[in-house]
Amino acid sequence: MAELKTAPATVASKAHDPSPAVMGTYARLNILFERGEGSWLITEDGERYLDFGSGVAVNALGHAHPHLIDALKAQAEKLWHTSNLYRISQQERLAERLCAATFADKVFFCNSGAEACEGVIKATRRYHYVNGDPQRWRIITFEGAFHGRTLATLSAAGNPKHLEGFGVPADGFDHLPFADHDAVEAAISPETAAIMIEPVQGEGGVRIIPPQCLQGLRELCDRHGLLLILDEVQTGVGRTGTFFAHEQSGITPDLMAVAKGVGGGFPLGAILASEEAASGLQPGTHGSTFGGNPLAMAVGNAVLDIVLQPEFLEDVCRKSGLLRQRLAEIEDQFSDLVAEVRIAGLLCGLKLQDDVAPSDLIAAAADERLLTVGAGDNVVRILPSLNVSEDEISDGLARLQRSFSRLRENTL
């Protein structure tokens with residue numbers, strides 16, 4: 409067990425106050441970073457923070473990865489934007505590679521996870537419309553889900569806190585309890601178009617959908633003529649140890665929303681679809697001005713160059729095992745503070761005891777120069793880059809251990 413050493417308190421308070429010109433939609437830590445190197449973020453005064461948040465599971469290959477930098481610089485010197493009125497060679501290449509590596513036959517590119525989720529909702533409704541069933545437009549979703557911050561995706565998730573003050577939620581979504589197969593079957597009606605689910609609820613607290621549940625949903629969709637939509641915005645592109653999380657259950661979706669890790673830090677989202685599920689999206693039915701632009705496509709292809717190597721995903725699984733072992737030790741040592749460890753690859757959640765606030769642990773970790781991310785269900789997420797080293801994992805968990813010691817001292 410690493411020796412406990414107390415870092416100077418309230419490191420974050422050294423930064424200047426955030427500018428009042430920036431809209432106050434985030435409860436930001438008062439830390440300002442100048443640059444990044446791999447798993448590390450560095451402030452203007454040289455303080456180094458070990459990044460176990462990865463921009464909320466976005467920086468799959470860490471910060472300033474040389475292969476991604478080279479790809480972006482090379483493209484930036486040639487062409488930034490043309491719009492989708494013309495062919496884009498890098499877009500065609502990335503779409504072909506994603507189709508070859510997944511269930512998909514078609515790909516639509518956008519800029520974010522929310523756009524991807526909004527797009528799969530539209531694709532679902534159009535699919536049934538063009539197939540003569542316009543009455544099928546409702547989608548079954550699940551409590552604890554998070555699908556984005558647009559009005560439609562907020563309505564799809566149905567979180568009352570997120571919907572407060574935005575008027576009447578968009579109709580068309582039936583919210584069911586988490587992992588209740590009988591409730592799903594009972595909710596299917598002649599208006600049901602699809603079932604939409606995250607294989608792991610990231611924002612919802614790293615709640616893992618068991619493989620048999622995903623298999624059961626696939627069977628229900630096949631039996632009732634529904635589309636199965638997976639939101640793999642957070643779980644995709646190697647985060648759980650396979651290219652996409654649903655591969656571990658042996659099923660395939662009809663539509664899938666992708667973002668975060670696929671751009672390695674550059675804004676990039678995508679809708680992946682089977683030939684049939686994509687049939688409703690014809691010219692004029694959907695679009696994106698910036699989606700699939702040459703810069704994003706260059707970076708996306710560079711990410712796949714690395715993540716699709718078989719040894720890369722094997723390494724993610726091996727490091728997940730190391731994290732699981734060490735987090736179990738922390739759970740045992742701090743059982744008065746930690747209720748449960750949840751882990752899927754390098755998507756990890758520490759469910760805290762009811763009397764422990766995630767914000768307190770996040771602040772204590774920041775004082776140990778360790779960055780973590782909050783979630784629902786009283787959870788703090790551990791999201792290192794997929795190429796984090798074993799030494800960095802050990803370093804990060806020693807910092808996490810010291811963070812829990814700080815919390816325990818503060819509660820005595």
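Numbering of the sequence shown is given in this note's numbering, commencing with residue 409 and proceeding in unit increments.
Built from N, CA and C at the ideal position, the CB exists for glycine as well.
These numbers were taken from a predicted model, which means no experiment stands behind them.
Residue i, DSSP secondary structure in three states
i: Lys486; result: coil
i: Gly789; result: In the sequence on display, residue 789 carries Arg and not Gly. In the structure shown, Arg789 sits in a strand (DSSP, three-state: E or B).
i: Met705; result: helix
i: Tyr457; result: strand
i: Arg436; result: coil
i: Arg615; result: strand
i: His632; result: helix
i: Val528; result: helix
i: His471; result: strand
i: Arg814; result: helix
i: His654; result: helix
i: Gln620; result: helix
i: Gly541; result: For the record, residue 541 in the displayed sequence is Asp; it is not Gly. If DSSP states are grouped into helix, strand and coil, Asp541 belongs with coil.
i: Pro718; result: helix
i: Ala587; result: coil
i: Arg501; result: helix
i: Arg726; result: helix
i: His570; result: helix
Residues sharing a beta bridge with residue i, DSSP
i: Ala356; result: Missing from the structure shown is residue 356; the chain here goes from 409 to 820 and no further.
i: Val749; result: Leu758
i: Glu442; result: None; Glu442 has no bridge partner.
i: Gly782; result: Val788
i: Gln609; result: Arg615
i: Leu449; result: Gly444, Tyr457
i: Ala602; result: Ile547, Leu635
i: Phe363; result: A query on residue 363 cannot be resolved here, the shown segment of the chain reaching from 409 to 820 and no further.
i: Asp582; result: Ile548
From the options, residue whose alpha carbon lies closest to that of residue i
i: Phe698; options: Phe550, Gln499, Gly672; result: Gln499
i: Gly816; options: Gln741, Val781, Ala468; result: Correcting the residue type first, residue 816 is Arg in the shown sequence and not Gly. Nearest C-alpha to Arg816: Gln741.
i: Asp459; options: Ala773, Gly784, Thr819; result: Ala773
i: Phe517; options: Glu640, Leu676, Ser497, Lys530; result: Leu676
i: Ile529; options: Ala806, Glu572, Ala578, Lys569; result: Ala578
i: Asn475; options: Ile714, Asn818, Leu791; result: The residue you asked about is not Asn; residue 475 is His in the sequence shown. Minimum Cα distance to His475 is reached at Ile714.
i: Val670; options: Thr558, His536, Ala524, Leu559; result: Ala524
i: Gly470; options: Ser813, Ser793, Thr819, Asn818; result: Ser793
i: His694; options: Leu778, Val515, Leu735; result: Val515
i: Ser811; options: Arg436, Val746, Gly784; result: Val746
i: Arg908; options: Asp785, Asn786, Gly782, Ile770; result: Residue 908 falls outside the range modelled here, since the chain spans only 409 to 820, and no answer is possible.
i: Val781; options: Glu719, Leu758, Asp803; result: Leu758
i: Ile637; options: Glu606, Val787, Gly784; result: Glu606
i: Gly673; options: Ala681, Ala685, Ser687, Val645; result: Val645
i: Ser797; options: Glu445, Phe441, Ala512; result: Glu445
i: Ser597; options: Ala704, Arg443, Gln543; result: Gln543
i: Glu352; options: Met705, Ser520, Gly784, Gly573; result: This structure leaves residue 352 out entirely; the chain is present only between 409 and 820.
Exposed unless 16 or more other CB atoms sit within 10 angstroms - verdict on residue i
i: Ala429; result: exposed
i: Phe550; result: buried
i: Pro585; result: exposed
i: Gly454; result: exposed
i: Ala410; result: For Ala410, the pLDDT reaches just 38, beneath the cut-off of 50, and the residue's location in the model is therefore unreliable, although a value from the coordinates is still provided. Exposed.
i: Gln761; result: exposed
i: Tyr434; result: exposed
i: Trp448; result: buried
i: Ser497; result: exposed
i: Arg533; result: buried
i: Gly700; result: buried
i: Gly540; result: exposed
i: Leu412; result: The pLDDT assigned to Leu412 is 35, lower than 50, so where the model puts this residue is not dependable, and the model offers no usable value.
i: Ile548; result: buried
i: Tyr457; result: buried
i: Met664; result: buried
i: Phe554; result: buried
i: Ala484; result: exposed
Residue i beta carbon near the ligand ADP (any heavy atom closer than 7 Å)
i: Lys530; result: In terms of ligand content, the structure shown is empty, and the ligand ADP therefore cannot be addressed.
With three or more beta-carbon pairs closer than 8 Å as the criterion, would you say the region 621 to 628 touches the region 652 to 661? yes
Specify whether the region 591 to 602 and the region 643 to 658 touch according to this definition: at least 3 beta carbon pairs, one from each stretch, less than 8 Å apart. no
If contact is defined by three or more beta carbon pairs under 8 Å, each pair taking one atom from either stretch, is the region 608 to 620 in contact with the region 736 to 752? yes
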